[in-house]
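In what follows, a structure is listed as structure tokens, so that the remarks can point back to it.
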Amino acid sequence: MLIHLLFIFAVAAPFLVLLVPHSAASAATLQLQPLKHDDNYTFKFNPQLPPRSLSASKKFEGSSELVNLRYHMGPVLSSPINIYLIWYGNWAPSQQLLIKDFLLSISTFNHRAAPSPSVAEWWQTVSLYTDQTGANISRSILIAGEYSDHLYSHGYHLTRLSIQEVIATAVKSKPFPVDHKNGIYLVLTATDVTVQDFCRAVCGFHYFTFPSMVGYTLPYAWVGNSGKQCPEVCAYPFAVPGYMGGGGPGALRPPNGDVGVDGMISVIGHELAELSSNPLVNAWYAGEDPTAPTEIGDLCEGLYGSGGGGGYIGQVMRDGGGRTYNLKGRRGRRFLVQWIWNPTLKACAGPNALD
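Mind the numbering: the sequence shown is residues -27 to -1, 1 to 328 in mature numbering (1 follows the signal peptide of the UniProt record, and there is no 0), read in order.
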């Protein structure tokens, strides 16, 4: 969403909601038979984490009667999408490579390079959305340029406006062009960078730049690395808050061993899906207020597999090392990425669905 509100955060405010007592019946259980995958076994399982709140979501499979998602006649990203990455702060090359592998997996259609259920198949749900001419969101995504702001040119704390200044600095330094036709700009902040409302209310958001700030109207998204600041909020379910301890399986193991970056990847997927379907805040969303829309990622917040809802993230996979994932990408990568609202099924969907 424009301001990526997490409903996990809702339970952190006891004056807003009541917590649901947890029972032993919510412990995780293994289901189905082990499936061979490469050199180890993969299990399908349905972990139930401790219930979040009475307000926690009815945004699960089959909730179509609760959703009024409408098209508001604005553009979607129907041309091939050029992503311009802005690395703000210090990043390990391995972390950068992991994020880039996820982004490039979106357009990896070869099933040998990325077996099913794949990131490309996950994006296929996003590509179902069209503009008023009937043009679908593009399935072609390219990393067209990168810029590293390792000197923290705008300080260690960013506001919503100063994030646009970060983009302006990158554009003016000319590491890549101003691509106002096909470009989207993805600002990723390192673990030691604080951002306005980060952890308290948002893990990422998308919007568009102001011509007065950048010179052009450019769709962009920001996502922060929460590995040190608030993994229990923005890298859930790879970390869980202390008040949720003592029930369920606890935190799940991240597929690539990096709680912060593995958590970021699901937020990046969420924001890219919404940026592509609602880049100027006048295309696909539910609700009457475009400044606070419910978008195609918001409708499926916290759902990663079949049977999700009511405290369950849904049925996902676990490899022989205990790492949890639901999608496969290029170069043998695995990811855990939330599902997206399917406009045809009128339900949340992902390629790891059982039906």
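C-beta: ideal position from N, C-alpha, C; glycine also.
- prompt: Expressed to the nearest angstrom, what Euclidean distance is found between the alpha-carbon atoms of Trp257 and Asn315?
  reply: Reading the sequence shown from its first residue, position 284 is the one you call residue 257. Reading the sequence shown from its first residue, position 342 is the one you call residue 315. Each residue's alpha carbon lies about 12 Å from the other.
query: Which two residues bound the contiguous alpha helix (DSSP H) that contains Phe75?
result: Within the sequence shown, residue 75 is the residue found at index 102, counting from 1. Note, Phe75: alpha helix (DSSP H), Pro66 to Ser78.
field: Span of the alpha helix (DSSP H) around Met186
entry: For this step, residue 186 is matched to residue 213 along the sequence shown. From DSSP, the alpha helix (DSSP H) with Met186 extends over Pro184 to Val187.
query: When the Cα atoms are used, what is the spatial distance from Thr182 to Leu50?
result: Position 209 of the sequence shown, counted from the first residue, corresponds to residue 182. Position 77 of the sequence shown, counted from the first residue, corresponds to residue 50. The straight-line gap from Cα to Cα measures roughly 16 Å.
- prompt: Once you ignore the five residues that flank Val234 on each side, which residues in its own chain have a CB closer than 6 Å to its CB?
  reply: Position 261 of the sequence shown holds residue 234. Gln68 and Leu71.
- request: Could you tell me whether the Cβ atoms of Leu58 and Ile116 are closer together than 9 Å?
  value: For the purposes of this step, residue 58 is taken as the residue at position 85 of the sequence shown. For the purposes of this step, residue 116 is taken as the residue at position 143 of the sequence shown. Their beta carbons are under 9 Å apart, which means Leu58 touches Ile116 by this criterion.
Beta-bridge pairing of Glu94 - partner residues as DSSP gives them: Locating residue 94 in the sequence shown gives position 121, counting from the first residue. DSSP lists no partner for Glu94.
- prompt: Between the beta-carbon of Leu245 and the beta-carbon of Tyr193, is there less than 9 Å?
  reply: Position 272 of the sequence shown, counted from the first residue, corresponds to residue 245. Position 220 of the sequence shown, counted from the first residue, corresponds to residue 193. No, they are not a contact pair.
task: Throw me the rounded Cβ distance for the Phe308 and Phe75 pair, which I believe falls under 8 Å.
output: Residue mapping note: residue 308 aligns to position 335 of the sequence shown, counting from 1. Residue mapping note: residue 75 aligns to position 102 of the sequence shown, counting from 1. Rounded, the Cβ-Cβ distance is 6 Å, consistent with contact.
message: Taking 8 Å as the cut-off, does the segment 161 to 172 touch the segment 210 to 217 (at least 3 CB pairs, one atom from each stretch)?
response: no
- request: Throw me the rounded Cβ distance for the Asn55 and Gly156 pair, which I believe falls under 8 Å.
  value: Position 82 of the sequence shown holds residue 55. Position 183 of the sequence shown holds residue 156. Right, the Cβ-Cβ distance comes to about 5 Å (below 8 Å), so this counts as a contact.
message: DSSP three-state label for Ser121, please.
response: Translated into the one-based positions of the sequence shown, residue 121 becomes position 148. If DSSP states are grouped into helix, strand and coil, Ser121 belongs with the strands.
query: How many Å lie between Gly282 and Glu274 at the Cα?
result: The residue you call residue 282 lines up with position 309 of the sequence shown. The residue you call residue 274 lines up with position 301 of the sequence shown. Going from the Cα of Gly282 to the Cα of Glu274 covers about 10 Å.
query: What did DSSP end up calling Trp312 once you bin it into helix, strand or coil?
result: In the sequence shown, counting from the first residue as 1, residue 312 sits at position 339. In this structure, Trp312 counts as coil in the three-state DSSP scheme.
query: Considering only residues of the same chain and omitting the five flanking positions on each side of Ala108, which have a CB-CB separation below 7 Å?
result: As a working mapping, residue 108 is identified with position 135 in the sequence shown. The answer, listed in chain order, is Ser51.
task: Answer with buried or exposed for Gln137, where buried requires no fewer than 16 other C-beta atoms within 10 angstroms of its C-beta.
output: In the sequence shown, counting from the first residue as 1, residue 137 sits at position 164. Gln137 comes out buried.
Residue nearest to His179 in terms of C-alpha spacing, selected from Arg112, Asn251, His127 and Ala65: Counting from 1 along the sequence shown, the entry for residue 179 is found at position 206. The shortest C-alpha separation from His179 is found at Asn251.
message: Quick check: the segment 146 to 154 against the segment 118 to 136, are at least 3 beta-carbon pairs closer than 8 Å?
response: yes
field: Spatial distance of Glu34 from Arg43 (CA atoms)
entry: Residue numbering aside, residue 34 sits at position 61 when the sequence shown is read from its first letter. Residue numbering aside, residue 43 sits at position 70 when the sequence shown is read from its first letter. Low confidence applies to Glu34: its pLDDT is 41, below 50, so where it sits in the model is not reliable enough to give any reading.
task: With distances taken Cα to Cα, identify the nearest neighbour of Pro263 among Asp231, Asn19 and Met46.
output: Here residue 263 refers to the residue found at position 290 when the sequence shown is read from its first residue. Minimum Cα distance to Pro263 is reached at Met46.
query: Would you call Gln105 buried or exposed, if buried means 16 or more other Cβ atoms sit within 10 Å of its Cβ?
result: Sequence index remark: in the sequence shown, residue 105 carries index 132 (1-based). Burial call: exposed.
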